[in-house]
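K.L.:
First, the structure itself, so that you have it in front of you.
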Amino acid sequence: MSEIIRTYEGTTAVLTLSNQSKLNALTTAMLRQLETYLTEIEHQPDVRCVILTGAGDKAFCCGADIAEWGSLDPAEFARFWVRDGHRVFDRLARFSKPTIGALNGHAFGGGLELAACCDIRIMSAKARIALPEAKVGIVPGWSGTQRLARLLPEAVIKEMAIFGRQITADRAFQLGFVTSFSNDTIKAAHDVAETLCAVSPRANELAKAMIHGAVGEDRAAAIEMLGSAAAAATADRAEGVQAFLEKRIPKFDGQ
Numbered sequence: 025m026s027e028i029i030r031t032y033e034g035t036t037a038v039l040t041l042s043n044q045s046k047l048n049a050l051t052t053a054m055l056r057q058l059e060t061y062l063t064e065i066e067h068q069p070d071v072r073c074v075i076l077t078g079a080g081d082k083a084f085c086c087g088a089d090i091a092e093w094g095s096l097d098p099a100e101f102a103r104f105w106v107r108d109g110h111r112v113f114d115r116l117a118r119f120s121k122p123t124i125g126a127l128n129g130h131a132f133g134g135g136l137e138l139a140a141c142c143d144i145r146i147m148s149a150k151a152r153i154a155l156p157e158a159k160v161g162i163v164p165g166w167s168g169t170q171r172l173a174r175l176l177p178e179a180v181i182k183e184m185a186i187f188g189r190q191i192t193a194d195r196a197f198q199l200g201f202v203t204s205f206s207n208d209t210i211k212a213a214h215d216v217a218e219t220l221c222a223v224s225p226r227a228n229e230l231a232k233a234m235i236h237g238a239v240g241e242d243r244a245a246a247i248e249m250l251g252s253a254a255a256a257a258t259a260d261r262a263e264g265v266q267a268f269l270e271k272r273i274p275k276f277d278g279q
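Just so we're aligned, residue 25 is where the sequence shown starts under our numbering, counting upward by one.
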């Protein structure tokens, strides 16, 4: 059965892609589970970090399950499969809490695009990343030519998407796509997650929003979230709400 397994270890939520018979390929059900879990976790104040990984040691995720999309007509493929995937991946990329991708194995196609949505990535020393879509007559559809282009040099994206080259963990580290590589990615991810206990979760959230605003990841929402947070902390906001409830004209003093 393909699914995403959610577990908690202290203040860290771990989401594990579990579809080992197909190298953790993503199905429609898994996309829906991921979206649901992210929404639930985001509203849990005791959770400080999310680790995303795959079951087994062969693959983090080899992409989208071809049995799910292979028979779709062009309109369905574009309007639903691609757009729905984008919506879920954007949800992860714009998640307010820190996210760590523990790439326990290969990350190909949609799996690489999923990994790109995490804040940092730790990769198995034996793993590789690739964009092999052209081998089955399609192109990257879940931000492989867009979000990845902000994380990797143009020549490297072309090397993978056009020429089919695979990138090793060592090279991915040299390119800055992963922060480190390890023989035990889950342990390494938990070690990073533990450091978050010593820092302010609110400061983390604000710093992440500011960085996203700079690089163009959900820039409009990031700017309005920061502005709204500042406005919500003012005495004027408290006065405005209270005046509305009391059906009177507010007396703002600029505080």
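For glycine and all other residues, C-beta sits at the position ideal for the given N, C-alpha and C.
Just so it is clear, the structure is predicted and the values come from calculations on it, not from any experiment.
1. Quick one: give me the first and last residue of the beta strand (DSSP E) that residue 84 is part of.
2. Note down, in chain order, each residue of its chain lying with its Cβ closer than 6 Å to the Cβ of residue 83, except the 5 sequence neighbours on either side.
3. Count Cβ pairs between the stretch 154-173 and the stretch 216-230 that sit closer than 8 Å; are there 3 or more?
4. Assuming residue 160 and residue 90 are in contact, meaning their beta carbons sit under 8 Å apart, how far apart are those beta carbons, in whole angstroms?
5. Classify residue 38 as buried or exposed, calling it buried when 16 or more other Cβ atoms lie within 10 Å of its own Cβ.
6. For the stretch 202-265, list the alpha helix (DSSP H) runs that are entirely contained and at least 4 residues long, ordered along the chain.
7. Within the stretch 132-193, note down every full beta strand (DSSP E) run reaching 3 residues or more, in order along the chain.
8. Kindly identify the DSSP beta-bridge partner or partners of residue 77.
9. Quick one: grab the DSSP three-state call for residue 273.
10. Looking at the unbroken beta strand (DSSP E) that takes in residue 30, where does it start and where does it end?
11. Mind checking which residues open and close the alpha helix (DSSP H) that includes residue 113?
12. In this structure, what does DSSP give as the bridge partners for residue 50?
13. With distance defined between alpha-carbon atoms, name the residue in 98, 238, 228 and 276 nearest to residue 122.
14. How big is the Cα-Cα spacing for residue 137 and residue 209?
15. Alpha carbon to alpha carbon, how far is residue 70 from residue 35?
16. Is the Cβ-Cβ distance between residue 117 and residue 241 less than 7 Å?
17. In whole angstroms, what separates the C-alpha of residue 233 from that of residue 142?
18. Give every residue of the same chain whose Cβ lies closer than 6 Å to the Cβ of residue 106, excluding the five residues on either side of it in the sequence, and list them in chain order.
19. Within its chain, find whatever has a CB closer than 6 Å to the CB of residue 27; leave out the 5 residues flanking it on each side and keep chain order.
20. Quick one: what's got a C-beta closer than 6 Å to residue 144's C-beta in the same chain, skipping five residues either side?
21. Label residue 200 either buried or exposed according to how many other C-beta atoms from any shown protein chain fall within 10 Å of its C-beta, with 16 as the threshold for buried.
P.N.:
To lay it out plainly:
1. For residue 84, the enclosing beta strand (DSSP E) begins and ends at 83-85.
2. The residues are 47, 48, 129 and 130.
3. Verdict: no, contact absent.
4. Contact between residue 160 and residue 90 holds: CB atoms are separated by about 7 Å, below the 8 Å threshold.
5. Residue 38 should be labelled buried.
6. If we require 4 residues or more, the alpha helix (DSSP H) runs fully inside the stretch 202-265 come out as 209-219, 225-239 and 243-256.
7. Given a length threshold of 3 residues, each whole run of the beta strand (DSSP E) inside the stretch 132-193 is given here in chain order: 144-148 and 152-154.
8. Within the DSSP secondary-structure output, residue 77 pairs in a beta bridge with 40 and 126.
9. Coil, per DSSP.
10. Counting along the chain, the beta strand (DSSP E) containing residue 30 begins and ends at 27-33.
11. Where residue 113 is concerned, the enclosing alpha helix (DSSP H) stretches over 107-117.
12. DSSP, once it has assigned bridges, lists 88 as partnering residue 50.
13. Residue nearest to residue 122 within the set 98, 238, 228 and 276 is 228 (criterion: CA-CA distance).
14. Residue 209 has its alpha-carbon roughly 18 Å from the corresponding atom of residue 137.
15. Rounded to the nearest angstrom, the two C-alpha atoms are 6 Å apart.
16. It is a contact, given that the beta carbons lie within the stated cut-off.
17. Spanning the two alpha carbons is a distance of roughly 14 Å.
18. 165.
19. Cβ within range, chain order: 42.
20. Exclusion of the five residues before and after residue 144 leaves 124 and 203 as the residues of its chain whose Cβ lies within less than 6 Å of its Cβ.
21. Only exposed fits residue 200, as fewer than 16 other CB atoms lie within 10 angstroms of its CB.
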